[in-house]
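*Asks:* Protein chains in written order, with my numbering: chain L, 56 to 428; chain C, 36 to 190; chain W, 819 to 1180; chain X, 16 to 176.
Just so it is clear, CB atoms sit at the ideal spot from N, CA and C, and this is done for glycine as well.
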Amino acid sequence: MSVKEVQNSKESQEYFVNMGPQHPSTHGVLRLLLTLDGETITNVEPHLGYIHRSIEKMCERDSYQQIVHLTDRMDYLSCHMNNEAVCLAVEKGLEMEIPERVKVIRTIISELTRLSSHQLWWGVMGMDLGAITSFLYGFRDREMITDIFEETCGARLTMNYNIPGGLMFDIPSNFQTKVKEFIIHFRKKLPEYDQLMTNNIIFRNRTEGVGILTKEDAISYGVTGPSGRASGWNNDIRKIKPYSAYDRVEFKEITYTKGDSFARYKVRIDEMWESMNIIEQLIDNIPEGNYKEKTRVVIKLPKTEIYQSVETARGELGVYINSDGKKSPYRVKFRSPGLSNLNALNSMAKGGKIADLVTIMSTIDLVIPDIDR
Amino acid sequence: MTRQELQNKILSFPIETSFAETEVETQYLTTDVSAKNTHALISELKNNSDTYFDYLFCQTGIDFPEHMEVLFHLRSTTHLHEIVVRAKIDDRENPIIDSVYDLYKTAEYHEREIFDLFGVKFNNHPDLRRLFLDDDWEGYPLRKDYVDEINIVEL
Amino acid sequence: MKFDIYDFSVLTSSIHELLRSVMGETSVMITEMVIVGIVFLTLFSVLGLVLIYIERKVCAFFQQRLGPMRVGFWGTAQTVADAIKLLLKEPLMTKSADKFLFNLAPFIIIISSFMAIAAVPFALGLQALDLNIGVFYVTAISSIGVAGILIAGWASNNKYSLIGAIRSGAQIVSYELSVGLSILTIVVLTGSLQFSEIIESQRDGWWIFRGHIPAFIAFVIFLIAGTAETNRGPFDLAEAESELTAGFHTEYSGMKFAFFFLAEFVNMFIISAIGATMFLGGWMPLHFGELTSFNEIMDFIPPLFWFLGKTFFIIFIMMWFKWTFPRLRIDQLLTLEWKYLLPINLINILIMAFIVLMGWHF
Amino acid sequence: MKAIINYIKEVVGGIKTLINGMKVTGYYISHPKEIITQQYPENKDTLKMMDRFRGEVIMPHDENNEHACTGCEACEIACPNGTIEIISDRILNEETGKKKKTIVKFVYHLQMCTMCNLCIPACPTDAIKMGQNFEHAVFDRSKLTKVLNKPESKLRAGVED
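Laid out in structure tokens, this is it:
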């Protein structure tokens, strides 16, 4: 029954609980209006807009370099990939040829961002399920990556390291040694994640069979990224339409078929191993060359429509730019992975308990500014 | 299927569509169609076995000076080809188009967002409300003629 | 008895003689009760502060961090500062809360843990209440605490606290069963319910060693059910932060919240004290039958240290549970109790009774 | 009978995974050397930020109080958030006798700056740089509006935009 009917129907036993917008497990300002019947959930209705800054309106008055900076504030955990999406779109519009060095460095840092985002996800998922220690272990490993970012471009999270035509700085001299050090460290620590959480029987009971998402539903709801791949739908943009240096790296696209919370969890854990393989294949042979292509100070795209999608840690981020030749684009639309993943939340959480809703939400890994834009 | 086969396939459909000739080849094959028979074309594209566009990955609203547009970016997860369906809505004051929620469940939030920011009403949409802004917000922010002295900072 | 030198009853009877010489019969009893009350009040607050400090430090070291370091040397004054802060905080109450019940709930919980701590045998002669039905008394008293939680949840008129309270009601009621049954397996061995006699019977070896396998199973079940009884560890569904913000004590602040917080830690101390008394021989030093020289050395350590050492060992294990495992869901919690702990417990008692019958225990 | 066997197998398997998990935390409590906390205010003197760290925008002045900003407003245009505000004036230059646009005040609103580093490459004469200071907490908002060029500072000779 919709919210209105339940409110004025006398005999219904259901009552409403507001989960959010200020709530420990919504990771941001998302308000879920739960219709509860005792502990079981009959309807989940997300209310959005608490952090809506209308980035798309701002893009219509900004220059292209400034749009790249705006995407940092969308999915703040995969900043580099968001910037890369806009830069690739602008470079495609200008038909610019990008030096090989830039492509390889962009792919390495994208994979590092994916690793840091999955580490934070793992820590926060543990905290949501009650194992607070995993939060500290996740952040301890993530600290090494953010130090590398701080060394390369000066900012730890919202990096803005990409500019249309290449990179803002060249990588520092000790970049390769630091990344190798991190990989050696993390190859020892990742099995600890499994030991602490994955094989834990309490964790298994809490996640197996919870929040099933079939493959047809995943495609129809447009649930991309690790959450979609856990339902057996291989939607990895790095494989379908490789960009930057992904075509010269071989890596496995991890898909499971059960589509429950445990499958989504396992996809992300295995993806961390894959990201490390990718970095290891690229870190030793970064080609020489300049780190940015000369572009004009004021970039004017010709009158075209460009759509560029990129595989972020949460799914497919698409950038649609419709430019009419002026300094700033006529219309920019960001296809946010979070919006469609959230759309599928109701069908997964219906019938489960409140504790299941928390498990499902942490396995689809929502980042609210990415949804609200 | 290559673009040319796709184009011929669509022309063979009973629905009246047109293909804009642009000097430089656009990234995806773009079909222009009027608002009335958008739903028919998209359901045909989805159910037809050789095209089988079963994944709507982006639905965008654009506001042009004299007409509105709703773009549907469709991709087939099996044949891995893409297409853009451009639905033109001529009436800018009260734009109405059919919702594709019955074909793609992801359209629910995309359409609510377009309604919220552009004011395009969608028929038989399950629950058409504003997605981000409050329900009593007047005006549609992403329209070009939207004016708001407080929030919009002209650089 | 080598360790008579540490017998506290010498001290208590001398105070008794002193008071008798000064006052009449009834006033002696009253002053003694007041003295015992004051002693337990200070014990409560000191225990609360020490346990909270230990919990924060142990949790920090589990998570590779230092924990409170700034207030006082190595952060020792941190909990004192917290207590003062809670004293100064304004006790809020939601407008539509049920005022009388809202204020009554914390006191019920504190009273129930006060009455339970009275029966705990700290050392030889240092026991406020040595009833001959000691074990039965403690399990009965610890079930009053759940009434306080339910009243708190209902009275604060907040949906989250109501859900939290109902959850913890179901949890404590069902886990009392396993606590009682696992203690019962040891009572089968000792034959008496009186704490001092139970400790006495462990003179030449603790029950966990002499009762070998079934006693160890009972000890593991007691640990699991004990953590569930005090709403801690993987069973802290009542105040599950990630689901119900802070569960039944969401609306409480200031001194009332301090009562809830203190009661949780003292309950943990009581459960581990009972565990130490039943399974690890209370204040009885570690003896191995014939090795008299070894026994003499053990007797030099005063019984109070033996008791505190064992209790804090069990507290450390409970903290280890809390900081490693994720939380159970409410239905898994109940299936764990009714489908796993209870059957194992019943079979365990049967085996123990059979062993005692055949005399196979040491 | 089979049900009892996998009941026991399930219980023993479950306990084994629990103990496996406790081994991880047990390892970390028994190795206090691996504690990674940095006690921030106490380690302030040994703490050194990376040289590319973006703390705030600063304008370096050399020893005789000269800077390199010609007031060309390239950074103001490049900044997405309107953080930089340049107040310049046409002052008579003694040698050439012509009126020349020189900078009076380089107003920098720190509260609006998002440290995106777009202004630094935009400056033709490399007048501004990203500083390493990150302690920006102040009690009064007006302190966040800073003037980067020092009071009597002049443009360094030979710097042409």
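Got a sec: is the Cβ-Cβ distance from T206/L to anything in chain X below 9 Å?
*Replies:* Correcting the residue identity first, residue 206/L is Glu in this sequence and not Thr. Taking Cβ atoms only, chain X reaches closer than 9 Å to E206/L, which makes this a yes.
*Asks:* Exposed or buried, what is Q54/X when buried is set at 16 or more other beta-carbons lying within 10 Å of its beta-carbon?
*Replies:* Counting Cβ neighbours within 10 Å, Q54/X comes out exposed, since fewer than 16 surround it.
*Asks:* Does the stretch 1019 to 1026 of chain W come within contact of the stretch 1085 to 1097 of chain W, defined as at least 3 CB pairs closer than 8 Å?
*Replies:* Yes, the stretch 1019 to 1026 of chain W is in contact with the stretch 1085 to 1097 of chain W.
*Asks:* Kindly list the residues whose CB is nearer than 8 Å to the CB of D291/L, restricted to its own chain and excluding five residues on each side of it in sequence; keep chain order.
*Replies:* If we look at D291/L and ignore the five residues flanking it on each side, its Cβ neighbours are R284, E308, E366.
*Asks:* Taking the alpha carbon of E111/L as the reference point, which residue from D89/C, R165/C, Y90/C, T95/C has its own alpha carbon closest?
*Replies:* Closest by alpha carbon: T95/C.
*Asks:* Between which two residues does the beta strand (DSSP E) carrying R105/X extend?
*Replies:* Note, R105/X: beta strand (DSSP E), 99 to 107.
*Asks:* So, is the C-beta of F71/L closer than 9 Å to a C-beta in chain X?
*Replies:* Chain X contact via Cβ: absent.
*Asks:* Would you say the beta carbon of V105/C comes nearer than 8 Å to a heavy atom of the ligand GDP?
*Replies:* The model on display carries no ligand, and the ligand GDP is accordingly not part of it.
*Asks:* Checking contacts by CB at 9 Å: is E308/L closer than that to chain W?
*Replies:* By this cut-off, E308/L is not an interface position.
*Asks:* Verify the CB distance criterion: does T129/X have a CB-CB separation below 9 Å to chain L?
*Replies:* T129/X counts as touching chain L.
*Asks:* Give me the Cβ distance between I856/W and V1084/W, rounded to the nearest whole Å; I'm assuming they're in contact under 8 Å.
*Replies:* Going by Cβ atoms, the distance from I856/W to V1084/W rounds to 16 Å, so no, they are not a contact pair.
*Asks:* Looking at chain W, which residues of the stretch 40 to 56 of chain X have a Cβ within less than 8 Å of any of its Cβ atoms?
*Replies:* The residues in question are T40, G41, Y43, I44, P47, E49, I50, I51, T52, Q54.
*Asks:* Relative to the C-alpha of F1079/W, which residue among A901/W, S831/W, I969/W, V846/W is closest?
*Replies:* F1079/W has its Cα closest to that of A901/W, out of A901/W, S831/W, I969/W, V846/W.
*Asks:* If you measure from the beta carbon of M819/W to each beta carbon in chain X, is any gap under 9 Å?
*Replies:* Residue placement at M819/W is poorly supported in this model, since its pLDDT is 47, which falls under 50; the coordinates are not used for a value here.
*Asks:* Are the C-beta of T52/C and some C-beta of chain L separated by less than 9 Å?
*Replies:* Not one chain L Cβ lies under 9 Å of T52/C.
*Asks:* List the whole-angstrom C-beta distance separating D379/L from K349/L, where the pair is believed to meet the contact cut-off of C-beta under 8 Å.
*Replies:* Not really, about 25 Å apart at Cβ, beyond 8 Å.
*Asks:* Taking the CB atoms as reference points, tell me whether A152/X and E81/X lie closer together than 9 Å.
*Replies:* No, the pair does not count as a contact, with Cβ atoms beyond the cut-off.
*Asks:* How big is the Cα-Cα spacing for D142/L and I122/L?
*Replies:* Here residue 142/L turns out to be Cys, not Asp, going by the sequence shown. If I take the Cα positions, the gap works out to 9 Å.
*Asks:* Please classify L1007/W as buried or exposed, where buried requires at least 16 neighbouring CB atoms within 10 angstroms.
*Replies:* Counting Cβ neighbours within 10 Å, L1007/W comes out buried, since at least 16 surround it.
*Asks:* In chain order, which alpha helix (DSSP H) runs of at least 4 residues are fully inside the stretch 147 to 193 of chain L?
*Replies:* Within the stretch 147 to 193 of chain L, the complete alpha helix (DSSP H) runs of at least 4 residues are 155 to 183.
*Asks:* Can you confirm whether T247/L, when its beta carbon is compared against all beta carbons of chain X, has any partner nearer than 9 Å?
*Replies:* For the sequence presented, residue 247/L should be read as Glu rather than Thr. Yes - at least one Cβ of chain X is within 9 Å of the one on E247/L.
*Asks:* Identify every residue that forms a DSSP beta bridge with Y70/L.
*Replies:* The partner list for Y70/L (beta bridge, DSSP) reads L91/L.
*Asks:* Note down the Cα distance separating I101/X from L159/X, rounded to an integer number of angstroms.
*Replies:* About 16 Å.
*Asks:* So, is the C-beta of L125/L closer than 9 Å to a C-beta in chain C?
*Replies:* Judged by the 9 Å Cβ criterion, L125/L is not in contact with chain C.
*Asks:* Report the rounded CA-to-CA distance for L1164/W versus V1005/W, giving the unit in angstroms.
*Replies:* Roughly 14 Å between the two C-alpha positions.
*Asks:* Quick check on the DSSP output: the beta strand (DSSP E) that includes E78/X runs from which residue to which?
*Replies:* Run containing E78/X: none; DSSP gives neither H nor E here.
*Asks:* Hey, is M252/L's beta-carbon within less than 9 Å of any beta-carbon in chain W?
*Replies:* M252/L counts as touching chain W.
*Asks:* If you scan the stretch 40 to 102 of chain C from start to end, which runs of the beta strand (DSSP E) of 3 or more residues do you find wholly inside it?
*Replies:* For the stretch 40 to 102 of chain C, whole beta strand (DSSP E) runs of length 3 or above, ordered along the chain, are 65 to 69, 90 to 98.
*Asks:* Could you tell me the boundaries of the alpha helix (DSSP H) in which Q896/W lies?
*Replies:* 896 to 906 is the span of the alpha helix (DSSP H), which, as asked, contains Q896/W.
*Asks:* Could you spell out where the beta strand (DSSP E) holding N377/L opens and where it closes?
*Replies:* Counting along the chain, the beta strand (DSSP E) containing N377/L begins and ends at 371 to 377.
*Asks:* Would you verify that the beta carbon of I1148/W is, or is not, closer than 9 Å to some beta carbon of chain L?
*Replies:* Answer yes: the Cβ-Cβ gap between I1148/W and chain L drops below 9 Å somewhere.
*Asks:* Measuring only between beta-carbons, confirm whether L62/X sits less than 9 Å from chain W.
*Replies:* Judged by the 9 Å Cβ criterion, L62/X is not in contact with chain W.
*Asks:* In three-state terms, what does DSSP make of I118/X?
*Replies:* Residue state, collapsed to three classes: strand.
*Asks:* With contact counted as at least three CB pairs below 8 Å, one residue from each stretch, are the stretch 1145 to 1156 of chain W and the stretch 1121 to 1137 of chain W in contact?
*Replies:* No: fewer than three Cβ pairs fall under 8 Å.
*Asks:* Quick check on S364/L: does DSSP put it in helix, strand or coil?
*Replies:* Looking at S364/L - three-state DSSP - the assignment turns out to be strand.
*Asks:* For a cutoff of 9 Å on Cβ pairs, would you count V153/X as touching chain W?
*Replies:* Chain W contact via Cβ: absent.
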